[in-house]
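Novice: Starting off with a structure, shown below.
Structure follows, in structure tokens:
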């Protein structure tokens, strides 16, 4: 089983803080990189799909970058809000990382 | 909002029982998937299907079986449930081709006593 690593595993921040997470994957398996957001008691929802080296995607206060040559992607949240509290999963193809669980305190 | 449904949402059942977890989607997606997630662990792909009458095992070995007789329906069956099958099971679907962006169901939380 190919390894997808996400760090940190969990993160507690104050409202208004900016934060970022990392997803590392073997660059040899790259096809597309997905970021999903999974809120408690809900289904995972797609945030971004990234396919090209150097891709940058943005949705509101959340953005992501991709480096396929070195096998990593960063997810950034600017000015975290309590509603951003969720587990953020990355998945190159159909292999998921363990996720980063973000708690934003008001 | 994604139109993918799973039933039951929660199931507590005794060892040795046969169970079927239902998954249906109304988006006409050709590709469907089953994932298993133990507490605190990753989602692991256990089965997938790229169309009617096509099923494959995922990267995590599972004693469950699946069928794909209709595009919209992808049930998962355990012939004889065991406590080691206690887990959360998530169903997902995606369009044919493209980037494999998946739409997930709400999950079934299975407990085998």
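Chains as they are written, first to last, in the working numbering: chain R, 22 to 127; chain S, 13 to 125.
Ideal Cβ positions, reconstructed from N, Cα and C, are used throughout, including at glycine.
Check each residue of the stretch 48-67 of chain R: if its Cβ is closer than 7 Å to any Cβ of chain S, include it; give the result in chain order.
Specialist: Per Cβ criterion, the list reads 53, 55, 64, 65, 67.
Novice: Name, please, each residue of chain B whose Cβ falls closer than 8 Å to the Cβ of residue 119 of chain S.
Specialist: Reference to chain B is not applicable here, since the protein chains of this structure are R and S.
Novice: Hey, does residue 111 of chain S have any beta-carbon neighbour from chain R nearer than 7 Å?
Specialist: It does; some Cβ of chain R falls within 7 Å.
Novice: Does residue 54 of chain S get closer than 7 Å to chain R when you measure Cβ to Cβ?
Specialist: Yes, residue 54 of chain S lies at the interface with chain R (some Cβ there is under 7 Å from its Cβ).
Novice: Which full runs of the beta strand (DSSP E) of 3+ residues lie inside the stretch 85-114 of chain S, going along the chain?
Specialist: You should have 88-90, 99-106.
Novice: So with Cβ pairs under 7 Å, would you call residue 116 of chain S a contact of chain R?
Specialist: Interface residue, yes.
Novice: Count the other CB atoms within 10 Å of the CB of residue 53 of chain S; is the residue buried (16 or more) or exposed (fewer)?
Specialist: With fewer than 16 other Cβ atoms within 10 Å, it is exposed.
Novice: Counting pairs of Cβ atoms below 8 Å between the stretch 39-50 of chain S and the stretch 99-117 of chain S, do you hit three or more?
Specialist: The stretch 39-50 of chain S is in contact with the stretch 99-117 of chain S.
Novice: Using the beta-carbon count (16 or more within 10 Å), is residue 93 of chain S buried or exposed?
Specialist: Buried.
Novice: Between the stretch 45-56 of chain R and the stretch 100-107 of chain R, do three or more beta carbon pairs fall short of 8 Å?
Specialist: With the cut-off at 8 Å, the stretch 45-56 of chain R and the stretch 100-107 of chain R do not touch.
Novice: Would you mind reading off the limits of the beta strand (DSSP E) that contains residue 42 of chain R?
Specialist: 40-45 is the extent of the beta strand (DSSP E) around residue 42 of chain R.
Novice: Considering only residues of the same chain and omitting the five flanking positions on each side of residue 15 of chain S, which have a CB-CB separation below 7 Å?
Specialist: Here the set comprises 37, 38, 39.
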